[in-house]
Amino acid sequence: MKPNILYTIIKSLSAKLSLWVVLFVSILFAATFSLMFYYARQAVLDESLGKAEDILDKFEISVGQKLHEIEVITRQTHWWVEQNLNDTLEIGKYTQQILANEPTIIGIATAFVPGTYPDRGEKDYMIYYHRKKGKIVRSEQFAHDSYLHQQWYEEPMTRDKNMWTEPREDYRTDDEPIITYAMPVHKDGKVVGVYGVDISIYWLTRIIHEQRPLPNVTGSLMTHSGAFVIHPDTSLLRPRAMFKLMEMYPEEKYSLTAYRMMNGQSGTEQLSLNGTPRVLAYKPFEKTQWEITVACPEDEIMGNYNTMIPLMLAVVLLALIAIVVFCSVFIHRELHPLRALEKSARLIKNGHYDVPIKTSNRQDEVGVLANSFITMQQSIRQHLDEIDHKNLMLVEQNWQLTEAQKHKAEADRVKMAFLQNMTDQMDEPVNEISRLVTEVRQHHQEMTHEQIVELANQVDAHTFTVTQLLGKLLEVATKKQEEDEA
């Protein structure tokens, strides 16, 4: 049958001491490591937020480079268009060549102010080529409407400045949502039109996604109206997509972060997105009305800290086990004399007072206790030897007393027999004296003088006999009295 562990611990001083030591060390470890992990987490968190901001900067550079490539192409081709405004056919051919040589561009449009070309009258006039099912085709309209009130045309015309447009629900080319980099076209110092280059935001999202600095980092580019230009979920590449996300995450923390982003603020937040804790870093993108954002999983940017926790727990556990083993072995060895004393005490309890106990050379309390126990055992043994000696003397004296009592009883018996014999011997003379006295008293008148003298002589003889017997009895009684007094 296996021993009861709890009972063993209760009965074992070394086990209890080890447990107390481990309990104290565990509390100390818990307090120390909790404090250490608290400050370590704060430091790691600060470092992680800084790392997220670094990733955001890299992501911004990557997006900026890709958009800058489109801007460079647009500026270069825009210059050629401005130099050849008088030849619309050449502009059309040049536009087709650009689309043929630049697969990243999905469409190019040159829209003019009505009346720019007298032969066209006041009608809308736009040279617009785009891709459609692998071919380059020309269309007279964009999004089935006049370009005069479309953002990509209206705002550059009004402001006379280059700009990127926002995604629109109906701004699609070859069934892909687009954004346009638009530049005003000048002639004789006046704005006579707008030149725009379209790119697919599906393509832009895919290219940027492939250039992520970390495999699970996601990035997005959002306008201040809540439309995503870049997002890993292409279903959100549409106007007001941010408000759809706010409906998915109705908590105040998410809404507050979303409004900060749409207001063009910078910052970092810790949020849970799709069940994954992430560090979100955001800031305005270059000189646009856009906000660039990266979401970094905490496991990746705080990986060292997260892996450090189970490692440190394992180290603490191993340390506690080592402490338990060390304390158990050390205390077990240090308490060996006490266990020997405990064993000797049990033997002494069972009557084995002569059990040998080894003296201790230790100078501590255990050594003093062991040597004191040996001295106590020797004293007990000495007293027991004295008691045994006295017991032997008492036994011998009791035997002698018993023998004396036996002799005394025998003497008393002999004396009683002697006295009984003497008494029996006195009966006959006394009875005879009594008979003679009775006879003389009854018949003295009838008796002669000689008869009376004869009877008197007999009485004297019997009286002498009784006197002798009484003398012997008196002598025996005197001796007995002397013996009793002795």
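Heads up: the sequence shown is residues 1 to 486, going by the UniProt record's numbering. C-beta: ideal position from N, C-alpha, C; glycine also.
Checklist line | Beta-ladder partner(s) of V294, from DSSP | finding: Here residue 294 corresponds to residue number 294 of the sequence shown, with the count starting at 1. Per DSSP, G219, A281.
Next item on the list: Can you give me the start and stop residues for the beta strand (DSSP E) that Q270 sits inside?
Entry: Within the sequence shown, residue 270 is the residue found at index 270, counting from 1. Segment 267–273, the beta strand (DSSP E) holding Q270.
Check: In terms of residues, what are the limits of the beta strand (DSSP E) holding G107?
Finding: Against the sequence shown, residue 107 aligns to sequence position 107. G107 -> beta strand (DSSP E) spans 107–112.
Next item on the list: Compare the beta carbon distance of A100 and T268 with 8 Å and say whether it is the shorter of the two.
Entry: Indexing the sequence shown from 1 puts residue 100 at position 100. Indexing the sequence shown from 1 puts residue 268 at position 268. Against a cut-off of 8 Å, the Cβ pair of T268 and A100 comes out as no contact.
Check: Which whole-angstrom value describes the C-beta separation of T165 and T180, a residue pair presumed to lie in contact below a C-beta threshold of 8 Å?
Finding: One-based indexing of the sequence shown puts residue 165 at position 165. One-based indexing of the sequence shown puts residue 180 at position 180. With 8 Å as the limit, T165 and T180 qualify as a contact, their Cβ atoms being about 5 Å apart.
Margin query: Classify A344: buried if its beta carbon has 16 or more other beta carbons within 10 angstroms, exposed otherwise.
Written below: Reading the sequence shown from its first residue, position 344 is the one you call residue 344. The sequence given here places Ser at residue 344; Ala does not occur at that position. Buried, because 16 or more other Cβ atoms sit within 10 Å of the Cβ of S344.
Check: V21 and C296: beta carbons closer than 8 Å?
Finding: By 1-based counting over the sequence shown, the position of residue 21 is 21. By 1-based counting over the sequence shown, the position of residue 296 is 296. Against a cut-off of 8 Å, the Cβ pair of C296 and V21 comes out as no contact.
Notebook entry, point to check: Under a Cβ-count criterion, where at least 16 other Cβ atoms within 10 Å of its own Cβ denotes burial, should R413 be classed as buried or exposed?
Noted result: Walking along the sequence shown from the start, residue 413 turns up at place 413. Its Cβ having fewer than 16 others within 10 Å, R413 is exposed.
Note to self: Since H130 and I106 should fall inside the 8 Å C-beta cutoff, what is the C-beta to C-beta distance between them, to a whole number of angstroms?
What the structure shows: Locating residue 130 in the sequence shown gives position 130, where the first residue counts as 1. Locating residue 106 in the sequence shown gives position 106, where the first residue counts as 1. With a Cβ gap of about 6 Å, H130 and I106 count as contacting.
Check: Where I348 and E342 are concerned, what is the direct C-alpha to C-alpha distance, given to the nearest angstrom?
Finding: Mapped onto the sequence shown, residue 348 falls at position 348. Mapped onto the sequence shown, residue 342 falls at position 342. Near 10 Å, if we compare the C-alpha coordinates of E342 and I348.
Note to self: By DSSP's criteria, E176 is part of a beta bridge. Which residues make up the other side?
What the structure shows: Position 176 of the sequence shown, counted from the start, is the residue given in the question as residue 176. DSSP lists T173 as partners of E176.
Item checked: Best match in M163, I331, H389 for proximity to K16 [C-alpha to C-alpha] -> Along the sequence shown, read from residue 1 onward, the residue named residue 16 stands at position 16. When each option's Cα is compared against that of K16, the closest is I331.
Item checked: Nearest-angstrom Cα separation, counted from I73 out to M261 -> The residue given as residue 261 occupies position 261 in the sequence shown. The residue given as residue 73 occupies position 73 in the sequence shown. Rounded to whole angstroms, M261 to I73 spans 30 Å at the Cα level.
Next item on the list: Leaving aside the five residues before and after Y171 along the sequence, list all residues of the same chain whose C-beta is less than 7 Å from its C-beta, in chain order.
Entry: Your numbering for residue 171 matches position 171 in the sequence shown. A143, P177, I178.
Check: So what's T104 in DSSP terms, helix, strand or just coil?
Finding: Start at 1 with the first residue of the sequence shown, and residue 104 comes out as number 104. Correct three-state label for T104: coil.
Note to self: Just to confirm before moving on: does the CB-CB distance between G264 and F59 stay below 8 Å?
What the structure shows: Working through the sequence shown from its first residue, we reach residue 264 at position 264. Working through the sequence shown from its first residue, we reach residue 59 at position 59. No, Cβ-Cβ distance for G264 and F59 is not below 8 Å.
Next item on the list: For T465, I'd like the list of residues in its chain whose CB is within less than 6 Å of its CB, leaving aside the five on either flank, ordered along the chain.
Entry: Against the sequence shown, residue 465 aligns to sequence position 465. Answer for T465: P429, listed in chain order.
Next item on the list: Put D385 into one of helix, strand or coil per three-state DSSP.
Entry: Residue mapping note: residue 385 aligns to position 385 of the sequence shown, counting from 1. Residue state, collapsed to three classes: helix.
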